[in-house]
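Report on one structure; see the data block that follows.
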Amino acid sequence: FLYFYSIHRLQDAEEKHHVIKMTEHFYFRGHLCIAMELLSINLYELIKANGFVGFSLTLIRRFTTQMLGSLALMRHHRVVHCDLKPEVSTVMQSGNEFNPRYLQNVLLRHPTKSAIKVIDFGSSCFEHEKGTRHGVRYV
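In this text, residue positions in the sequence shown follow the working numbering: the first is 1, and each later residue adds one.
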């Protein structure tokens, strides 16, 4: 249920903050089901389709600006994502050793555009929660 409340809090009617949009929710046989907007490929798939050449500095700036917008919204609502990876920017800029997991929590809204959405709030928590989630301590 925490996932639902995190996503519900982060709904942005104007879609200015680049967080996945929940389209509806319902219960089926006692299970909460959440429907989300349909998005395109993740950043790993994009860099793979680009022959692992990397992204231009302009594109990295666009992605970073959008990610910071989503982080600002999360901060405003006191939601901690817990699974965004800071290695994304490092990998894209310097060609460091690369793990595809680093690029899977950010998806393109459309395959030919640079607009992104942050997804995967399954490990998220609220700032006031103390201790651990899923056996991992988050700061």
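For each residue, glycine too, the CB sits at the ideal point set by N, CA and C.
When 79, 52, 33 are compared, the shortest CA-CA separation from residue 24 is found for 33.
Taking C-alpha positions only, residue 120 is separated from residue 19 by approximately 10 Å.
Collapsing the DSSP output to three states places residue 38 in coil.
When DSSP states are grouped into helix, strand and coil, residue 65 belongs to the helix group. Residue pairing of residue 113 in beta bridges, as defined by DSSP: absent, with no partner found. At a Cβ-Cβ threshold of 9 Å, residue 113 and residue 37 do not count as neighbours.
For residue 108, the uninterrupted beta strand (DSSP E) segment begins and ends at 106 to 108. With fewer than 16 other Cβ atoms inside 10 Å of its own Cβ, residue 57 counts as exposed.
Residue 10 sits away from residue 107, with the two beta carbons spaced by 9 Å or more. For residue 32, the pairing in a beta bridge is given by DSSP as 27.
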